[in-house]
Every structure is written in structure tokens, then in C-alpha cells.
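According to the numbering used here, the residues represented by the first sequence are 2 to 537, in order.
A virtual CB, placed ideally from N, CA and C, is assigned to each residue, including glycine.
Values in this document were obtained by computation on a predicted structure and should not be read as measured data.
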Amino acid sequence: MEMDRLVSLCKRKGFLFQSSEIYGGLNGFWDYGPLGVELKRNVKDAWWRDMVTGHDDLTTLPGAPEAYEMVGLDCTIIMHPQVWKCSGHYDLFHDYMVDCRESKKRYRFDQVRGRWVEGKGQRFFVATTAEADHEQEDMQSRALKFLNLRSKDADQLKWDAECLTLPQVPDRSQVLGPDAKTLGTLTDPREFNLMFKTTVGALGGEDDFAFLRPETAQGIFMNFKNVVDSTRVRVPFGIAQIGKSFRNEITPRNFTFRSREFEQMEIEFFCHPDSSRQWYQFWRDRRLNWYTKLGLAGDRLRLREHSPDELSHYSTGTADIEYAFPFLPAGDFGELEGIAHRGDFDLRSHSEGKLDEKTRPLQVQLGPDGKPKWRGSGKDLSYRDELTNERFLPHVIEPSAGADRATLAFLCEAYAEDEAPDENGKPQKRVVMRLHPRIAPVKAAIFPLVKKDGMPEIAQEIYRALKPHFNVFYDEKGAVGRRYRRQDEAGTPFCITVDSQTLQDKTVTIRDRDSLQQWRIRIDDCVEDIRRRIQS
RNA sequence: GCGGGUGUAGCUCAGUUGGCAGAGCACAACGUUGCCAACGUUGUUGUCGUGGGUUCGAUUCCCAUCACCCGCUCCA
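Encoded structure:
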């Protein structure tokens with residue numbers, strides 16, 4: 002499927018518009034139109050219903066170690082600045098980058114390293130990003146090449162013993178960039194603020210800065226104690242939240258896939274450390290299943306378990322649910338959701354002070370003065386099991402899904418062009434959005450076959466009977482074939498048509514979007530029939 | 001952030017060596033029709049992405065800028 006066709010349909014039918022379009026648009030921001038808002042709302046509602054309000058607290062689900070409870074939360078977008086220091090986002094999201102004017106490559110400032118070398122009377126710094134095993138090999142061959150020497154002349158090079166990182170080399174004019182052939186091609190380091198900064202208070206001085214949240218998860222940790230103290234939930238239990246998050250993406254691209262303002266659907270699931278591994282597997286499988294049931298089936302959807310070297314040091318498992326978006330190169334997948342085993346990293350960091358991800362077992366990260374680099378709240382966030390009297394810091398499983406990415410995946414999966422016969426039986430091209438009935442913006446359209454003989458009146462009655470239950474659409478204008486095709490493009494799964502037989506026996510035809518088949522049902526059965534078909 | 005491409009009606013696109021802005025589809029109304037993009041008649045739609053410059057005159061040439069697509073980079 003060509004992505005342009007979908008983008009064009011999304012605009013034409015009112016699924017997605019560019020933000021601030023009349024002013025030329027704004028990079029990384031997108032609006033949902035009348036159809037899009039229904040679709041995305043249905044995706045979020047399905048998630049909330051399936052994960053939270055529809056969850057059975059009493060029954061042990063297949064694959065789960067035991068029954069568990071689920072509750073919801075809705076917290077603020079702006080939180081105390083310390084939240085992001087202890088979560089690790091502050092350090093991680095303030096990278097310095099350098100660009101190479103020659104190779105056009107960009108590097109993280111602190112990850113470029115190298116050594117001073119002297120040869121042919123010249124002294125310069127050879128930078129590299131090669132892996133530790135062959136960094137010396139890489140530096141040597143590039144130093145030789147720069148000086149026009151052969152590999153047998155390697156002994157003419159005199160290396161400084163010390164390996165330095167770029168921040169330790171103030172003069173970049175004598176630096177040979179990792180992919181450069183001449184000296185001094187690296188720019189000064191530039192700061193990348195990946196969190197949106199704002200100020201709190203009308204006067205807004207330097208001390209009043211705050212951030213728009215880059216994820217909703219931290220708000221859940223902030224309220225862990227409140228929820229435990231106010232709801233009688235017992236571990237294991239989960240807290241769910243849907244809400245906007247903000248990240249200053251370096252390169253927003255691919256339609257809504259990498260937006261700077263986006264919506265997340267996140268769960269923090271708190272469990273006993275001993276059973277956390279089982280819970281991780283349960284959530285991983287359950288979340289994959291959720292997408293499958295809503296129509297993302299087949300080999301475009303996959304679960305990818307992270308390899309050990311991809312994992313954060315404190316995590317014993319992370320899996321991504323990925324979709325082969327059509328705008329990606331063949332064979333590439335884009336992330337819809339990450340399910341991470343986070344251990345007790347978050348609760349401990351917010352209690353004791355930010356932990357150092359590189360330590361094992363985890364220890365509080367210290368600043369130059371030997372004190373915690375980022376102070377925690379000092380509040381005890383441990384949990385006491387009232388049955389066993391055991392006190393422990395729960396481990397956390399975090400299924401974190403992107404609402405906009407899921408919506409985009411459903412749109413991509415739904416877009417289809419097929420052929421349907423016209424009035425002469427000749428096949429004509431048809432564009433159809435094969436959205437699952439549960440997330441389709443409009444559930445059914447109601448038409449009078451023609452605008453006379455009392456058909457509109459009957460059709461309007463049916464419309465009014467359905468409207469309190471579902472989002473339905475009435476249309477009496479133009480030829481019925483055209484009306485069907487318009488609904489196909491909107492993804493409406495069913496069309497109900499009043500015809501001359503209706504006048505005699507009070508039955509209507511119902512047309513299925515995907516099979517184009519039609520059959521008759523009684524007017525009185527319409528509400529129940531549509532309800533049953535949406536749920537199946 | 002770099003390189004390449006694109007930007008004209010709601011959508012897809014044509015066009016102008018610099019001289020009144022075009023088509024198809026869509027949309028609206030009326031009539032005919034009577035189950036899969038029908039036909040006829042009529043009608044609506046544009047700061048030619050935005051800002052500046054050159055020019056008697058710029059949608060067209062020049063500069064800047066914004067957005068989208070592709071490739072690099074990034075992907076926390």
C-alpha cells in the first residue's frame with residue numbers, strides 16, 4: 002500500500018489533518034478530524050474497557066499467576082521538576098551533540114572518544130565511535146591514512162596512553178572526526194532539549210522552570226502510595242492511565258508515527274518480586290493478543306523480545322509489539338508498545354534518590370560531592386502485605402502503548418483497494434477501510450433506497466432508534482451505490498437500506514462492508530443485530 | 001542538523017519563454033432513476049505554501065522561510 006494514498010484519504014475524509022495547516026503546518030503535530038477523533042476515541046475506549054473497567058478482579062486469567070485488580074488514574078501533565086531528575090529523563094534528555102561538517106554525521110558529544118597521536122611532525126586527536134574491541138585498530142588505520150602512511154609504517158605513530166572523550170578535548174580544530182578525512186570538521190557541541198520546557202507562575206523566572214511530561218508513567222509512580230492508601234487494592238494490582246505526552250523529537254516524520262505531542266496508554270503493574278517474571282510474560286502475551294483481536298493480525302504484527310545487550314541493566318525483560326508500517330523499508334517494523342520489566346527502579350529512585358542504571362545491584366547515583374546526584378522524595382514507598390506481614394518494594398511491569406501509533410496502525414491495516422461490480426456488473430475500483438467494527442467511527446449508515454414513497458420517514462425512524470446506542474449516519478442524497486461507496490471509505494461496517502419491500506413486511510436490507518453481501522432483517526431487530534455484530 | 005525532491009480548488013494533477021488561473025473527481029440544488037462511484041441541467045470553490053526582492057506587471061525569475069516525501073542522522 003502506498004502511504005500517500007492513505008494520507009490523502011485521511012485528509013479527504015476527515016481522519017487526520019496537519020496541525021495549524023492554514024499557517025503552513027507545524028512539524029510533528031497532527032489533528033484528528035471528525036472521523037479520526039471517533040476512531041482514536043474508540044481505540045482508547047477499547048483499551049480502557051478491556052484493561053480497566055471491564056477487567057474481572059475475581060477470576061484468574063489464563064497465563065496469570067493469580068487474580069489481580071486494576072484501577073485508573075488521571076494526573077497532571079506538568080509535575081514537580083524533581084520527578085524527571087529521579088526518573089532519569091533529565092539526564093538522558095539533555096544530550097549534547099556534535100555534527101561533522103564533512104561527513105554530515107551526528108554524534109553524541111560524550112560518546113565520541115579517541116587519543117592524541119604524533120606522526121610526521123604533526124600532533125592531532127583521532128576520534129572514533131568504533132566498539133572497544135577494535136577502536137585502536139580503527140584509530141590507527143585512519144591516522145595512517147590521514148598522514149599518507151602505509152600500515153607497515155605504524156611504528157612511526159606515537160600514541161598518547163590516555164584515551165579521552167570529546168568533552169576532554171577543548172580544541173576541536175586538531176580533531177579528526179570519526180568519519181572525517183580532514184581535521185577540525187566537528188561543530189561545537191549543541192544541547193538537545195528533548196523535553197518541552199515551560200515556566201510555572203506568571204513571573205516565571207529561571208527557578209520556576211518545569212517540563213511537560215515525556216511519559217505518563219511517572220505520574221503513576223507519584224500516586225502509588227495514594228492509590229494504595231485510598232482504595233484497598235492489594236498487590237498484585239495495576240494502575241492505568243491515558244494521556245498526552247510531549248517529546249521534542251529530533252526528526253518527526255512518517256505521518257503521526259513520531260509526533261511531538263502524542264497520547265499514551267500506560268499501565269504500571271505492581272507485583273511481588275518473586276512472581277514478577279511470570280507477570281511480565283503474562284502482560285507481554287496479553288497485550289499482543291489485544292491488537293490481534295482488534296484486527297492487526299498476520300505477519301505485519303510481531304512481538305520482539307529485546308536481546309540482553311539492549312536491556313537496561315535493571316530490567317530483566319523488555320518486549321516490543323511492532324507493526325510493519327508501510328512507510329518503513331521492507332522488513333522493518335515500528336514500535337506500537339513496549340512491555341518492560343522495570344524491577345523496583347522507579348519506586349526506589351523516587352524514594353532514595355535517582356539510582357545509577359549502570360550499577361548492579363542498583364545503587365544511588367552520587368554527585369561529585371559524594372551526595373546523591375538527584376535527591377529522592379525520602380518517602381517510604383514500600384508495601385506491606387497485610388496477610389503475610391511481609392514488607393517489600395513491589396516490582397513493576399510496564400505495558401506502555403502509543404494511542405496514536407495504534408490508531409495509525411489500524412488505519413494502515415484497514416486501507417484496501419479492491420473491485421466491486423457497478424450497476425452493469427462491470428468491476429470498478431473501490432477504496433475501503435476494513436476497520437474492526439468495534440473501532441469503526443460510524444457503526445452503521447441508514448439509507449432510504451429512494452427519496453420518496455415514505456422511505457425517508459421509515460429510515461429516519463430507524464436512525465433515531467439506533468442513535469442512542471451507536472454512532473450511526475443517515476443519508477438520503479444521490480444514488481444508493483454512491484452512498485455505499487462513501488461509507489466504505491469511512492470504514493462503516495454496515496449499511497441498512499429501506500426499500501419497497503420494507504413498506505410491505507417491515508424488513509430492511511443490511512449490507513456488509515467487506516463481503517458486499519446483503520440480507521434482510523426485521524426493523525425491530527436492528528439495534529440488537531448491530532450490537533451483536535460489533536461485539537463479535 | 002545535512003543532501004535531494006515536492007508545494008496550483010476539498011482530493012489527484014495540468015499550466016504559464018513573465019501578461020485575466022485550468023481539467024477530472026468531489027461538493028451543493030433540481031429533475032429523472034430505483035441496490036453498489038448512474039444520467040441531464042445548474043451552481044460553489046483558489047491570497048498558485050509564506051515573506052521579501054527584481055519588473056510596468058511574478059503563480060512563473062532571484063533570495064529567505066515553512067511544511068511534506070526520500071536518503072543520511074537521531075530514535076531517549
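Report the CB separation of Leu74 from Val228 in whole angstroms; it is logged as a contact under 8 angstroms. Counting from 1 along the first sequence, the entry for residue 74 is found at position 73. Counting from 1 along the first sequence, the entry for residue 228 is found at position 227. The pair is a contact, with the Cβ atoms about 7 angstroms apart (cut-off 8 angstroms).
Report yes or no: do three or more beta-carbon pairs, one from the region 120 to 133 and one from the region 166 to 182, lie closer than 8 angstroms? Touching, yes.
Fully enclosed by the region 322 to 359, which beta strand (DSSP E) runs are 3 residues long or longer? Counting only runs of 3 or more, we get 335 to 344.
For the 8 angstroms Cβ check, are there 3 or more pairs between the region 252 to 261 and the region 294 to 311? no
In chain order, what residues of the same chain lie with their CB nearer than 6 angstroms to the CB of Pro442, ignoring the 5 residues before and after it? On the first sequence, position 441 is the one that residue 442 refers to. Cβ neighbours of Pro442 beyond the five flanking positions: Leu36, Glu39 and Leu40.
Determine the contact status of Ala466 and Gln265, defining contact as a CB-CB distance below 8 angstroms. Taking the first sequence and counting its residues from 1, the one referred to as residue 466 is at position 465. Taking the first sequence and counting its residues from 1, the one referred to as residue 265 is at position 264. Not closer than 8 angstroms, so no.
Under the assumption that Leu17 contacts Gly34 (Cβ atoms under 8 angstroms), give the Cβ distance between them as a whole number of angstroms. Within the first sequence, the letter at position 16 stands for residue 17. Within the first sequence, the letter at position 33 stands for residue 34. Indeed they touch by this definition, with Cβ atoms about 6 angstroms apart.
What distance in whole Å lies between the Cβ atoms of Ile524 and Ile463, which are believed to be in contact at a cut-off of 8 angstroms? Taking the first residue of the first sequence as 1, we reach residue 463 at position 462. Taking the first residue of the first sequence as 1, we reach residue 524 at position 523. About 6 angstroms separates the two Cβ atoms, so the contact holds.
Tell me which residues share the same chain as Gly26 and place their Cβ nearer than 8 angstroms to its Cβ, disregarding the 5 neighbours each side in the sequence. Within the first sequence, the letter at position 25 stands for residue 26. Within its own chain, the residues whose Cβ lies closer than 8 angstroms to the Cβ of Gly26, once the five positions on either side in sequence are excluded, are Gln19 and Ser20, listed in chain order.
So who's on the other strand from Glu70, going by DSSP bridges? On the first sequence, position 69 is the one that residue 70 refers to. Paired residue(s): Phe238.
From which residue to which residue does the alpha helix (DSSP H) around His90 run? On the first sequence, residue 90 is found 89 positions in, with the first residue counted as 1. His90 -> alpha helix (DSSP H) spans His90 to Leu93.
Coil, strand or helix - Met434 by DSSP: Mapped onto the first sequence, residue 434 falls at position 433. It is a strand residue.
Taking 8 angstroms as the cut-off, decide whether the C-beta atoms of Arg431 and Glu420 are in contact. What you label residue 431 is simply residue 430 of the first sequence in a count that begins at 1. What you label residue 420 is simply residue 419 of the first sequence in a count that begins at 1. Yes, the pair counts as a contact, with Cβ atoms nearer than the cut-off.
Quick check on the burial criterion: 16 or more other C-beta atoms within 10 angstroms. Buried or exposed for Trp375? For the purposes of this step, residue 375 is taken as residue 374 along the first sequence, with counting starting at 1. By the neighbour-count rule (16 or more Cβ atoms within 10 Å), Trp375 is buried.
Beta strand (DSSP E) containing Tyr485: first to last residue? Counted from its first residue, the first sequence places residue 485 at position 484. No beta strand (DSSP E) contains Tyr485, which is instead part of the alpha helix (DSSP H) from Val481 to Ala491.
Can you check DSSP and say which residues form a bridge with Gly115? Here residue 115 is taken as the residue at index 114 of the first sequence, counted from 1. Paired residue(s): Ala128 and Leu165.
For Trp146, collect the residues of the same chain with a Cβ closer than 8 angstroms to its Cβ; drop the 5 residues on either side in sequence, then sort them by chain order. For the purposes of this step, residue 146 is taken as the residue at position 145 of the first sequence. The sequence shown places Lys at residue 146, not Trp. Excluding sequence neighbours, Lys146 sits near Lys182.
What residues in its chain sit with their C-beta under 7 angstroms from that of Thr130, if we drop five residues either side in the sequence? Taking the first residue of the first sequence as position 1, residue 130 is located at position 129. Cβ neighbours of Thr130 within its own chain (closer than 7 angstroms, five residues either side excluded): Tyr108, Gln112, Val113 and Pro179.
Beta-carbon contacts of Gln219 that lie in its chain and below 6 angstroms, excluding the five residues immediately before and after: Here the question's residue 219 lines up with position 218 in the first sequence. Answer for Gln219: Val84 and Ser88, listed in chain order.
Just to confirm before moving on: does the CB-CB distance between Leu337 and Tyr324 stay below 8 angstroms? In the first sequence, the residue the question calls residue 337 occupies position 336. In the first sequence, the residue the question calls residue 324 occupies position 323. Contact: yes.
Just the Cα atoms here: how many angstroms apart are Pro373 and Leu367? The residue you call residue 373 lines up with position 372 of the first sequence. The residue you call residue 367 lines up with position 366 of the first sequence. Looking at the two C-alpha atoms, the distance is approximately 4 angstroms.
Beta bridge counterpart(s) of Val201 as assigned by DSSP: Taking the first residue of the first sequence as position 1, residue 201 is located at position 200. Answer by DSSP bridge pairing: none, since Val201 is not bridged.
Which residues in the same chain as Asp209 place their Cβ atom closer than 7 angstroms to its Cβ, once the five residues preceding and following it in sequence are excluded? Against the first sequence, residue 209 aligns to sequence position 208. Counting only Cβ-Cβ distances below 7 angstroms, and skipping sequence neighbours, we find Thr200, Val201 and Gly202.
Using only alpha-carbon positions, find the residue among Pro330, Ala65, Arg521 and Thr77 that is nearest to Gly244. Locating residue 244 in the first sequence gives position 243, counting from the first residue. Nearest of Pro330, Ala65, Arg521 and Thr77 to Gly244, Cα basis: Thr77.
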